[in-house]
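Numbering (my numbering), first residue to last: 1 to 164. We put the CB at the ideal spot given by N, CA and C, even for glycine. In what follows, a structure is listed as structure tokens, so that the remarks can point back to it.
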Amino acid sequence: MIALRTAGFWPRFSGHLLDCMIGFGGWLLCSMWLVIGLRVLDASPIDLLDVALLVFAVQALALALHIAYHVVMVGGCGQTLGKMAMGVIVVKRDDGGLPGYGRAALRCLGGLLSLATVGIGYLGVVFTEERRGLADWLAGTRVVDLFPEAVAPPPHQEIRLLSV
């Protein structure tokens, strides 16, 4: 029998940190578009509203790409690249199957809500036995180790008489 073992805080945190680095790389690429756009605007009279709209559009694009990355990766294979590197996977809480795209989108929304509450939504990962944060509660998921340990059947109780 195979038992799913709940992933600990540090593998989850490390995987999230790796995903943030990937997201930061995407943000840098989007910011290059901002620089190019500002150079184009520099050729014409600069309007502060145009600059503000360009900055907003580029940041919205970066956020949309980051959300799409999480939804597509978690929905399709249960893992982002950071989770793959740390050996953890997101599964449905009830049957241990892959979460699918709907649950992945809910989980991403829960992650954004956790960030909006200055990390309060992540406290469940640290302080509860199931290690489920707000995102996991909303989506009905949990994060488990990718390589669970095989559970041995209970040993037979044998009575051995020692001969003296």
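Item	Value
If the criterion is Cβ atoms closer than 8 Å, does the pair residue 145 and residue 88 meet it?	yes
Over what stretch of residues does the alpha helix (DSSP H) that includes residue 190 continue unbroken?	Residue 190 falls outside the range modelled here, since the chain spans only 1 to 164, and no answer is possible.
Whole angstroms is fine: what's the gap from residue 57's alpha carbon to residue 37's?	11 Å
Are the region 18-28 and the region 96-110 touching, with three or more C-beta to C-beta distances below 8 Å?	no
In whole angstroms, give me the CA-to-CA distance for residue 15 and residue 117.	21 Å
Just to confirm, is the Cβ distance from residue 125 to residue 132 under 8 Å?	yes
In terms of residues, what are the limits of the alpha helix (DSSP H) holding residue 136?	134-139
What's the gap between the Cα of residue 4 and the Cα of residue 51?	51 Å
Helix, strand or coil: how does DSSP classify residue 12 here?	helix
Just tell me which of 82, 83 and 135 has its CA closest to the CA of residue 107.	135
Can you have a look at residue 138 and say buried or exposed, based on whether 16 or more other CB atoms are within 10 angstroms of its CB?	buried
Taking residue 21 as the reference, give the member of 147, 6, 34 and 85 with the closest Cα.	85
How big is the Cα-Cα spacing for residue 102 and residue 82?	21 Å
Would you check if the distance between the CB atom of residue 140 and the CB atom of residue 104 is smaller than 8 Å?	no
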